[in-house]
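Take a look at the structure set out below.
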Amino acid sequence: MDKSNGIYWDREKEVMSRDELESLQVRRLRETIRQASKCKFYADKFAEYGITPDDIKDLSDVTRLPLTTKEDLREQFPYGMLCVPKEETVRLHTSSGTTGQATVIFHTRNDLEQWAELIARCMYMVGVRKEDVFQNMTGYGLFTGGLGFHYGAEKLGALTIPAGAGNSKRQIQLMQQFGTTVLHIIPSYALRLMNILTDMGIDPRQDLYLRIAFLGAEPYTEEIRQRVEKFYGINAFNSYGLSEMNGPGVAFECPEKKGLHIWEDHYIVEIINPETLEPVREGEIGELVMTTLAREAMPIIRYRTKDLTRFIPGECACGRVHRRIDWIQGRSDDMIIIKGVNIFPMQIEQVLMSMSEVGNNYVIILEKENDIDQIRVQVEVHESIFQEDMRYLNRLREKIVRELRSEILVTPRVDLVESRSLPQSEGKAVRLIDRR
Ligand code: COA
Ligand code: AMP
Ligand code: ZN
77 MDKSNGIYWD REKEVMSRDE LESLQVRRLR ETIRQASKCK FYADKFAEYG ITPDDIKDLS
137 DVTRLPLTTK EDLREQFPYG MLCVPKEETV RLHTSSGTTG QATVIFHTRN DLEQWAELIA
197 RCMYMVGVRK EDVFQNMTGY GLFTGGLGFH YGAEKLGALT IPAGAGNSKR QIQLMQQFGT
257 TVLHIIPSYA LRLMNILTDM GIDPRQDLYL RIAFLGAEPY TEEIRQRVEK FYGINAFNSY
317 GLSEMNGPGV AFECPEKKGL HIWEDHYIVE IINPETLEPV REGEIGELVM TTLAREAMPI
377 IRYRTKDLTR FIPGECACGR VHRRIDWIQG RSDDMIIIKG VNIFPMQIEQ VLMSMSEVGN
437 NYVIILEKEN DIDQIRVQVE VHESIFQEDM RYLNRLREKI VRELRSEILV TPRVDLVESR
497 SLPQSEGKAV RLIDRR
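Everything in the sequence shown is counted per the working numbering, starting at 77 for the first residue and increasing by one.
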């Protein structure tokens, strides 16, 4: 049913009163606890915490529930947190990583429908309409940015080009051929594409039809937004999400551009001190913690996102009731994001240490090349390997690149260096150097 009108995609859900919203959240939280209890993991947790759905009297009771971490998801991989019979699920998205590191999220048909609704809500909010041509330039497949935005845009009714990541000349050609007006693009790639457009002698303001872009999937700054807006002649909006909470569509800037509305009819949102796990004071920075409120296949309770942000105090001039969070300020763990892909240094270590040729020391260097972040790994190899000819060394280097790529999904630069040539750090080894 098309409920859109003027500025709201779903007025009933976007502009209800705070009281109405909170009682909806409480009702949905009770239902979520009931649903989550269908997997042993949460049934055991709720028993341990002595909590039943009826114990939830008001919103503050959410803090009586257990926190969930990425480690929990890893331990329960693959089916341990599934709350419906497998035949009710219709899709999954996994993170990168071999067993031990990977996480998976399952969706029923209804979960996907709800997710598409949220994306359509975000897109409509910033002015996308069915007359638009939407080019989705993030990864399809297991990444959530591709299929997530895809179904939301189709639901809204925009002509959707499932372009996917990379292949820059083709991307530009598609924009020209079909008159693309709206982009979903990772900010670092938007910067990279600026150089390619300039080299091709194309001025987007004159030669293309772009008017709106969604920039997300990695941290960036207001300065980058403004550079992108100026070069492409567009209005760019910050889009935040994470696979555990579906993917994109969790929080999104409205036309006021004063923070990202986080859709509280679908999520209970808390911000906690990552050390004490206590709520921070309103307006203070802390770790975002979220509880799904409408998911069937895999409800998640009080998920520690590890993303650092703060609530923006006050109401938004756009009239939406949902609170706003600030742009993500960093992480409370060591995850890095390169080319829109999440990487844990531990994944690199596991690959390297499983190779007999590799010595005991390595360093990961993050660097910028033509505006794009790259990852360089310097690897110590055993003495005897340097006695071999160049062909052998090159083959080994290529093998390490291949193995790392299949684990982390981006292509690293790899330098082989002699044993004991990398700095030996005293105490905790410094294995990550950020030169960006
Ligand atoms: N998004 C889209 N394309 C990107 C990109 C990004 N973040 N970063 C680089 N690219 C482009 C490059 O410009 C290059 O284009 P070309 O074909 O015109 O030369 C191409 O992708 C390959 O770049 P390279 O640097 O060699 O890639 P890689 O092997 O290190 O990584 C990617 C491969 C880019 C495909 C991979 O990093 C990816 O899929 N990124 C997108 C992730 C994503 O969509 N995340 C959203 C999560 S919701
Ligand atoms: P994924 O689960 O692969 O979708 O990655 C989710 C993570 O990407 C989040 O936890 C954030 O760390 C990061 N991320 C996504 N969107 C943004 C954004 N708009 N700004 C900053 N970081 C983001
Ligand atoms: Zn607003």
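Even for Gly, the Cβ is constructed at its ideal location relative to N, Cα and C.
Owing to the predicted nature of the structure, the values given are computational and were not obtained by experimental measurement.
At the C-beta level, S244 and I448 stay beyond 8 Å of one another. Counting the other Cβ atoms within 10 Å of the Cβ of I509 gives fewer than 16, which makes it exposed. Under the three-state reduction of DSSP output, N349 falls in the coil class, being neither helix nor strand. Nearest Cα to L141 within the set P161, A119, H260, K162: A119. In this chain, the beta strand (DSSP E) harbouring Q211 covers 209 to 212. Segment contact: the region 314 to 327 against the region 168 to 186, three or more CB-CB distances shorter than 8 Å; contact assigned.
In this structure, V453 is the residue among V453, Q463, S460, I484 with its C-alpha nearest to the C-alpha of L498. In the structure shown, the three-state DSSP call for D449 is strand. Relative to G255, the option among M276, R386, M270, R281 whose CA is nearest is R281. Looking at the backbone, the Cα of I484 and that of I440 are separated by about 13 Å. In this structure the region 145 to 156 touches the region 109 to 118; the number of beta carbon pairs closer than 8 Å is three or more. L188 sits close to V166, with the two beta carbons spaced by under 8 Å. Distances from the CB of E90 to the heavy atoms of ligand 3 are all 7 Å or more. Following the DSSP letters along the chain, one finds T274 in no beta strand (DSSP E) but inside the alpha helix (DSSP H) bounded by residues 263 to 275. Excluding five sequence positions before and after K306, none of the CB atoms of its chain fall closer than 7 Å to its own CB.
The beta carbon of H458 sits closer than 7 Å to the beta carbons of E433, G435, S495 from its chain, once the five residues preceding and following it are set aside; these are given in chain order.
Taking each of E340, Y379, L442 in turn and checking the Cα distance to L100, the smallest one comes out for E340. In its chain, beyond the 5 residues on either side, V166 have a beta carbon closer than 7 Å to the beta carbon of R185.
About 12 Å separates the beta carbon of R507 from that of L442, a gap too long to meet the 8 Å contact definition. Relative to ligand 3, R396 has its C-beta within less than 7 Å of a heavy atom.
Y438 is classed as buried because its beta carbon has at least 16 other beta carbons within 10 Å across all chains shown. In this structure, the straight-line span from the alpha carbon of R205 to that of A241 is close to 24 Å. By the criterion of at least three beta-carbon pairs nearer than 8 Å, the region 228 to 239 is in contact with the region 207 to 214. Between the alpha carbons of E391 and K231 lies a gap of roughly 29 Å.
Taking C-beta separations shorter than 8 Å and ignoring five residues to either side along the sequence, the partners of Q500 in its chain run N437, following chain order. Sequence-distant Cβ neighbours of V304 in its own chain, meaning closer than 8 Å and more than five residues away, are P263, A266, L267, M270, A289, L291, I310, A312. Burial is judged here by how many other beta carbons sit within 10 angstroms of a residue's own beta carbon; D279 has fewer than 16 and is exposed. With respect to the 8 Å criterion, R396 and E90 are classified as neighbours on the basis of their beta carbons. For G217, the distance from the CB to the nearest heavy atom of ligand 2 is not below 7 Å. In the structure shown, the three-state DSSP call for E124 is helix.
Excluding its 5 nearest sequence neighbours in each direction, V486 has C-beta neighbours in its own chain below 7 Å: I414, K415, V417, I451, listed in chain order.
Taking 8 Å as the cut-off, the Cβ atoms of I401 and A327 count as close. Unbroken beta strand (DSSP E) stretches of 3 residues or longer found wholly inside the region 303 to 329: 311 to 318, 323 to 329, given in chain order. At a cut-off of 7 Å, the beta-carbon of E147 does not count as near ligand 3: no heavy atom of the ligand is closer than that. In this structure, ligand 3 has no non-hydrogen atom nearer than 7 Å to the beta-carbon of C115.
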